[in-house]
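Residue numbers (the numbering used here): 35 to 420.
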Ligand SMILES: Nc1ncnc2c1ncn2[C@@H]1O[C@H](COP(=O)(O)OP(=O)(O)O)[C@@H](O)[C@H]1O
Ligand SMILES: [Mg+2]
């Protein structure tokens, strides 16, 4: 493995954005040399006196790599014979399936049309390694799995020409994939724009399946990056209003309505991990025009997924993110509940059982407690509205 530095061009599809010097030993951006196009700099990266803040761009870049906390990552790196997730990032030119940024080596330039994962196939080796499988003799690292966020085991595959994300759960209940399906069901009933999740199994463990909601012409910008566009929150402005102000300044339409729907969903399913990387907005990657809130995804950390059955108490204080630390106070940020059709949730029992019953990691008692807890949350929400 050659040690040293390479000056790459940070690209946004076919548009050169800036020249960046990258340390090939650890994948970090050491220097930003030239800006070619300031409009296409990633959202939330600061520009001061016409210069890109190096540390900001580096954080954004390193943030594209698989987090060190990812389940099974140590074993996967061993299988792939790569020292870190940031090196993986450089080896796949930072290409992903959630946005359109990448790096191009001017000495061996590549063409976007031939390498983007939306229109070209990719290697299965990294995904295999992430699921503990040893790939064939020579490993191909060109995969969107190198830029996927989150700590749950996951991989992208292509099925019938569509890009599909497979995502696992955590023991002992392996409930996250099932919770994704429940959240889809509730959002379908309440007409909340969302990603549809279904179920499969890998090695006898439940896995959720969803389709890429980004195309080669759009991109996901996380709420975190939106928040970084204004880092000076006044003391008298709540984080909720500050975030909505950031969206308004950027010109992202209809965010309040979308956020409020997300807070209602999270209240119902007792989601404890809606951090600022678990929602966001979509923009047109060519015109940079904002399309609106991203459909709701990543709802697995809900329904007491990590709690023993005897510790499930739907009316006790439930931790919340991102605006308040408890759902009981976070729900008070929502001022319009008129759109909620509670009658649509009345006959949920059968569909609920269809999701949880087949799992061998959830016994009948837990299934019963989960259903009654969801119903209790619905009742509590009703009483909140009075
Ligand atoms: N269907 C999708 N289409 C495009 N990008 C997605 C999709 N689902 C997830 N992502 C991206 O992948 C990241 C990780 O997925 P997520 O579902 O949040 O996993 P985790 O539960 O491990 O946090 C998300 O933050 C988002 O950037
Ligand atoms: Mg996530």
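The beta-carbon is built from N, C-alpha and C at its ideal position, and this holds for glycine as well.
Bear in mind that the values here come from a model prediction, so they are computed numbers and not experimental data.
A distance below 6 Å between beta-carbons, with the five flanking residues on each side excluded, links residue 132 to the following residues of its chain, in chain order: 248 and 254.
Beta-bridge annotation (DSSP): residue 359 is not paired with any residue. The DSSP assignment places complete alpha helix (DSSP H) segments of no fewer than 4 residues inside the stretch 119–169 at 119–125, 146–149 and 159–164, in order along the chain.
Beta-bridge partners assigned by DSSP to residue 67: none are found.
With contacts defined as CB atoms closer than 8 Å, residue 58 and residue 130 fail to qualify as a contacting pair. For residue 312, the shortest separation between its Cβ and any heavy atom of ligand 1 lies below 7 Å. The continuous beta strand (DSSP E) containing residue 255 extends over residues 252–256.
In summary, residue 140 is exposed, with fewer than 16 beta-carbon neighbours lying within 10 Å of its beta-carbon over all protein chains present. Excluding the 5 residues flanking it on each side, residue 242 has same chain C-beta neighbours closer than 6 Å at 201, 211, 214 and 231, in chain order.
Every alpha helix (DSSP H) stretch that sits fully inside the stretch 277–333 and reaches 4 residues is listed by chain position as 289–303. As the crow flies, the alpha-carbon of residue 98 is around 20 Å from that of residue 318. Only exposed fits residue 225, as fewer than 16 other CB atoms lie within 10 angstroms of its CB.
In the same chain as residue 325, and ignoring 5 residues on each side of it, the C-beta atoms closer than 7 Å to its own belong to 252, 316, 317 and 318, in chain order.
At least one heavy atom of ligand 1 lies less than 7 Å from the C-beta of residue 188. By the Cβ-count criterion, residue 295 is buried, with 16 or more other Cβ atoms from all chains shown falling within 10 Å of its own Cβ. Contact between residue 301 and residue 411 holds, with the beta-carbon distance rounding to 7 Å and staying under 8 Å. Annotated as proximal: residue 175 and residue 114, with beta-carbon spacing under 8 Å. The beta carbons of residue 196 and residue 190 sit about 11 Å from each other, so the pair does not count as a contact at 8 Å.
Cβ neighbours of residue 87 within its own chain (closer than 6 Å, five residues either side excluded): 80. Per DSSP, residue 221 is not a residue of any beta strand (DSSP E); the alpha helix (DSSP H) it occupies stretches across 210–224. Residue 283 counts as exposed, since fewer than 16 other C-beta atoms from the protein chains shown sit within 10 angstroms of its C-beta. In the three-state DSSP reduction, residue 52 falls in the strand class (E or B). Assignment of residue 405 by DSSP, reduced to helix, strand and coil, places it in the helix class.
About 7 Å separates the Cβ atoms of residue 374 and residue 298, confirming a contact at the 8 Å cut-off. One Cα belongs to residue 134, the other to residue 344, and the distance between them is close to 46 Å. Under a 10 Å Cβ-count criterion, residue 402 is classified as exposed, with fewer than 16 other Cβ atoms of the shown protein chains found around its own Cβ. The C-alpha of residue 55 lies about 10 Å from the C-alpha of residue 68. When the five nearest sequence neighbours on each side are left out, the beta carbons in the same chain lying within less than 6 Å of the beta carbon of residue 127 are those of 136 and 137, in order along the chain.
Residue 108 and residue 377 have their C-alpha atoms roughly 48 Å apart. Residue 419 sits exposed, since fewer than 16 C-beta atoms from the chains shown fall within 10 Å of its C-beta. Looking only at 116, 82 and 120, the smallest Cα-Cα distance to residue 94 is reached by 120.
Within the chosen limit of 7 Å, ligand 1 does not reach the beta carbon of residue 157 with any heavy atom.
Residue 256 sits close to residue 311, with the two beta carbons spaced by under 8 Å. Around the beta carbon of residue 342, a 10 Å sphere encloses fewer than 16 other beta carbons of the protein chains shown; the residue is thus reported as exposed.
Three or more Cβ pairs closer than 8 Å define a contact, and the stretch 344–364 meets that threshold against the stretch 264–276. Judged by DSSP in its simplified three-state form, residue 347 adopts coil rather than helix or strand.
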